[in-house]
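One structure is given here, and the rest of the page talks about it.
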Amino acid sequence: MLIPITDDGKVLLIRQYRQAAERFLLEASAGTREAGESPEVTAHRELQEEVGYRAGKLIPIGGSWVAPGYSSEYSHIYIATELELAPLPSDDGEDIVVEEIDFEDLHRLITSGELEDQMSIAALLSAKHVYTEHIKG
């Protein structure tokens, strides 16, 4: 799970169609690791594929089990900073829109139901704390 933060403190999220939910959801960028790929390499690749940026700095801030009752999937969480625009041509049919949010709007997005993905919510709340307490100048 990846939380890209621009130089002016905006968080870049993606909105994409999720078949199981039968609608577009606002969420943090994430992806599946390729065989032999480290979590960091996956994060860099997904940032460029889904969000269209490269990160000068990738900061690990933890992780969590996605659904430990029935899945062995573990999600690593990173903050990406020092972003540089670097879009890749999309050829896999993913319909993704990048949206900027302010951390100050996070609570409203959650309580209004606009942000419903539990993994994104957990990652964003962790990232907000780390960013405001340890990174933001």
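Residue numbers for the sequence shown follow numbering that gives the first Met the number 0, beginning at 0 and rising by one.
The C-beta atom is built at its ideal place from N, Cα and C for all residues, glycine as well.
Reference Glu72, options Gly30, Glu115 and His106, closest by Cα: Here the question's residue 72 lines up with position 73 in the sequence shown. Per the Cα distances, Gly30.
Beta-carbon proximity of Gly62 to Ile76, cut-off 8 angstroms: Here residue 62 corresponds to residue number 63 of the sequence shown, with the count starting at 1. Here residue 76 corresponds to residue number 77 of the sequence shown, with the count starting at 1. Yes, the pair counts as a contact, with Cβ atoms nearer than the cut-off.
Beta-bridge pairing of Pro3 - partner residues as DSSP gives them: Here the question's residue 3 lines up with position 4 in the sequence shown. Partner(s): Ala79.
Status (buried if at least 16 other CB within 10 Å, exposed otherwise) for Tyr130: Taking the first residue of the sequence shown as position 1, residue 130 is located at position 131. Tyr130 should be labelled buried.
Where Gly126 falls: helix, strand or coil (DSSP): One-based indexing of the sequence shown puts residue 126 at position 127. Here the sequence assigns Ala to residue 126, which means Gly is not the residue at that position. It is helical.
With 16 other Cβ atoms within 10 Å as the buried cut-off, status of Pro86: Locating residue 86 in the sequence shown gives position 87, where the first residue counts as 1. Around the beta carbon of Pro86, fewer than 16 other beta carbons sit within 10 angstroms, so the residue counts as exposed.
Same chain only: Cβ atoms within 6 angstroms of Val96, ignoring 5 sequence neighbours per side: Sequence index remark: in the sequence shown, residue 96 carries index 97 (1-based). Only Arg14 meet the Cβ criterion.
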